[in-house]
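What follows is one structure encoded as structure tokens, with my remarks underneath.
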Amino acid sequence: MAVEGPERPKPLPVAKKSRMEMNVRLLLNKCELMAKQEPIDNNCRLEQYVETLTEMIAELKTSKDKPPKEQLAEYIKRASFLKGVVQTASLNTPSEKVCIIFP
11 MAVEGPERPK PLPVAKKSRM EMNVRLLLNK CELMAKQEPI DNNCRLEQYV
61 ETLTEMIAEL KTSKDKPPKE QLAEYIKRAS FLKGVVQTAS LNTPSEKVCI
111 IFP
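Numbering (this note's numbering) for the sequence shown: 11 to 113.
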């Protein structure tokens, strides 16, 4: 006679993320961290990362394993903000920077 303990609750289903989505999340977090910690002026690496991130998000949109619309919109919003930060850093005058931020 085996004594059985209390029945364990089943874990909640977690939406499985595709490899592409995981890579987008990792690169997005890395870009945000770089933008906070390193000087943005003439940061070619950050600029290249943001460009690659934009391409990866475009691929993710057309992927068969694309994330929910809300999550995809969040990735796009965060990437657009980073792109704006990189563009703003390359401008010289404050008035040019304001025109980029508030078109």
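Built from N, CA and C at the ideal position, the CB exists for glycine as well.
Which one of the options has the shortest CA to CA distance from residue i?
i     : options                       : result
Met30 : Glu42, Lys93, Leu70 and Leu56 : Leu70
Write down the C-beta distance between residue i and residue j rounded to the nearest angstrom, noting that I regard them as a contact closer than 8 Å.
i     : j     : result
Leu38 : Leu63 : 6 Å
Met66 : Val95 : In fact, because the Cβ distance is near 18 Å, the residues do not count as touching under 8 Å.
Looking only at its own chain, which residues have a Cβ that is under 8 Å from the Cβ of residue i, when we skip the five neighbours before and after it?
i     : result
Val60 : Cys41, Ala89, Leu92, Lys93 and Val96
Leu82 : Ile67, Leu70, Lys71 and Lys76
Glu57 : Val96
Between which two residues does the alpha helix (DSSP H) holding residue i run?
i     : result
Ser73 : Segment: none, Ser73 is in no alpha helix (DSSP H) and carries neither H nor E.
Asn33 : Arg29 to Gln47
Ser90 : Lys79 to Ala99
Hey, how far is the Cα of residue i from the Cα of residue j?
i     : j     : result
Ser73 : Pro49 : 34 Å
Tyr85 : Asn52 : 24 Å
Ala45 : Met32 : 20 Å
Cys54 : Ser28 : 29 Å
Glu80 : Leu36 : 18 Å
Glu17 : Lys26 : 25 Å
Lys87 : Gln47 : 20 Å
Please list, in chain order, all residues of the same chain as residue i whose beta carbon is under 7 Å from its beta carbon, the five residues on each side excluded.
i     : result
Ala99 : Ile50 and Asp51
Pro78 : none
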